[in-house]
Ligand SMILES: *Cc1c(COP(=O)(O)O)cnc(C)c1O
């Protein structure tokens, strides 16, 4: 019924389910469990339900609003806040997350105080800095850090984790993963902690997984991109056997005319403060789409037909229609990369349409 509404993102739940299942088998065969990361799909309950039905019992998101949305939709899972909480949202963390990832004592102290006052024990995963230089406690500081955390009555350390390929582009290589296992082993030897999760990374860990013989202490990864887009993020290669087209962005032509290929008149900046340059291709058939940067990150879209995106403003995309016969009212479909998927799922202007 919604098939004619544009702009829309078509979400093929069967392909997501298939990818989730394949990844569960692949990682499971080496003793590694999966947290389903829902942030790129904004905690979409229909997608969350697919993950849970396939056997992913732990869902992780970086937004408390998304965790709340999934809870309120009745999704039966454990919920993880995928980043360190801000001090000002600690109350909501206790309410909506079973587990949170942490790196700062002041925040953990507040989590503990609030959980303890409610007779709860909030679970935490401590993140180790392994070189990617986003979140993480420096390994040399970890033992002292844990000693302080163990004295807090309202929190329980249930795991250790690390992030790779998120900020610094540092790969989860075999050397890095062995280093992580060795640090974890040292912590386990020093403190008797029942660590349920040794979370070694994200979709970027795929190549490590395929090559590794001994996964060491690692028993968990947090997967988003490889489930939804069937790719590993280090080289953005498709993972063989997975669907890379579970999502399609669809919009429609609102103008199609033959026009020059180079803007004419006295020139200044474009809508975003750039001084654009254009190649003279003579007269061309140009198409206009009624969506722009406010709807989706246009640079992350790839047209499925043989047409070319020439540029965009807040609310339009300009196309070279090339030899295509696209007319006003015709739909135009695009594949999405990770950033485009994130923006389209976040945008209130883009309808979410489910296919099976
Ligand atoms: C986003 C995120 C993930 C998931 O990353 P993918 O590359 O989508 O698999 C895992 N861990 C953390 C901490 C994240 O922020």
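In the working numbering, the protein residues as written are 10 to 365. Every residue, glycine too, gets a C-beta built ideally from N, C-alpha and C. Predicted, not measured: the structure shown is a model, and the values here were computed from it.
Option in the options with minimal Cα separation from residue i
i	options	result
residue 270	290, 285, 283 and 345	290
residue 205	19, 42 and 32	42
residue 91	47, 60, 82 and 119	47
residue 64	29, 88 and 164	29
residue 126	107, 103 and 113	103
residue 152	75, 36 and 137	137
residue 141	169, 173 and 154	173
residue 20	357, 164, 350 and 358	350
residue 367	229, 215 and 165	Because the chain here runs from 10 to 365, residue 367 falls outside it and cannot be looked at.
residue 346	255, 68, 326 and 287	255
residue 110	216, 83 and 208	208
residue 338	57, 263 and 279	263
residue 326	224, 259, 150 and 238	259
residue 38	361, 49 and 218	218
residue 146	113, 282, 178 and 158	113
residue 268	170, 329, 216 and 245	329
residue 223	211, 23 and 40	40
residue 154	239, 196, 231 and 74	196
residue 287	272, 281 and 276	272
residue 297	276, 238 and 323	323
residue 121	253, 163 and 88	163
residue 178	295, 249 and 243	243
residue 188	108, 161, 139 and 210	139
residue 280	302, 312 and 265	302
residue 70	53, 83, 277 and 362	53
residue 331	340, 344 and 314	314
Under the three-state DSSP convention, the category residue i falls into
i	result
residue 312	strand
residue 113	coil
residue 44	strand
residue 319	strand
residue 243	coil
residue 269	strand
residue 201	coil
residue 229	strand
residue 125	helix
residue 355	helix
residue 10	Reliability of the predicted coordinates at residue 10 is poor, the pLDDT of 39 falling under 50, and the value obtained from them is presented with this limitation in mind. Residue 10: coil per DSSP, three-state reduction.
residue 183	helix
residue 329	strand
residue 296	strand
residue 216	helix
residue 65	coil
residue 160	coil
residue 169	strand
residue 343	strand
residue 132	strand
residue 17	strand
residue 107	coil
residue 70	strand
residue 276	coil
residue 190	helix
residue 348	helix
residue 176	coil
residue 258	strand
residue 138	coil
Whole-Å CB distance - residue i paired with residue j, under 8 Å assumed
i	j	result
residue 316	residue 333	5 Å
residue 213	residue 180	7 Å
residue 183	residue 241	With 8 Å as the limit, residue 183 and residue 241 do not qualify as a contact, their Cβ atoms being about 15 Å apart.
residue 59	residue 26	5 Å
residue 116	residue 148	Between residue 148 and residue 116 the Cβ distance is about 20 Å, and since that is not below 8 Å, they are no contact.
residue 309	residue 285	Not a contact, Cβ separation roughly 19 Å.
residue 16	residue 193	In fact, because the Cβ distance is near 45 Å, the residues do not count as touching under 8 Å.
residue 51	residue 354	5 Å
residue 170	residue 133	In fact, because the Cβ distance is near 10 Å, the residues do not count as touching under 8 Å.
residue 32	residue 238	Incorrect: roughly 12 Å between the Cβ atoms, too far for contact.
residue 105	residue 76	4 Å
residue 312	residue 305	About 13 Å separates the two Cβ atoms, so there is no contact after all.
residue 265	residue 294	7 Å
residue 363	residue 35	Between residue 35 and residue 363 the Cβ distance is about 26 Å, and since that is not below 8 Å, they are no contact.
heavy atom of ligand 3 below 7 Å from residue i C-beta
i	result
residue 240	Summarising the ligand content, the structure contains ligand 1 and does not contain ligand 3.
is_contact[residue i, chain B] using C-beta, thresh 8 Å
i	result
residue 68	Looking for chain B here will not work: only one protein chain is present.
Could I get the ranges of all uninterrupted beta strand (DSSP E) runs contained in the region 80 to 104, with 3 residues as the minimum, in chain order? 87 to 90
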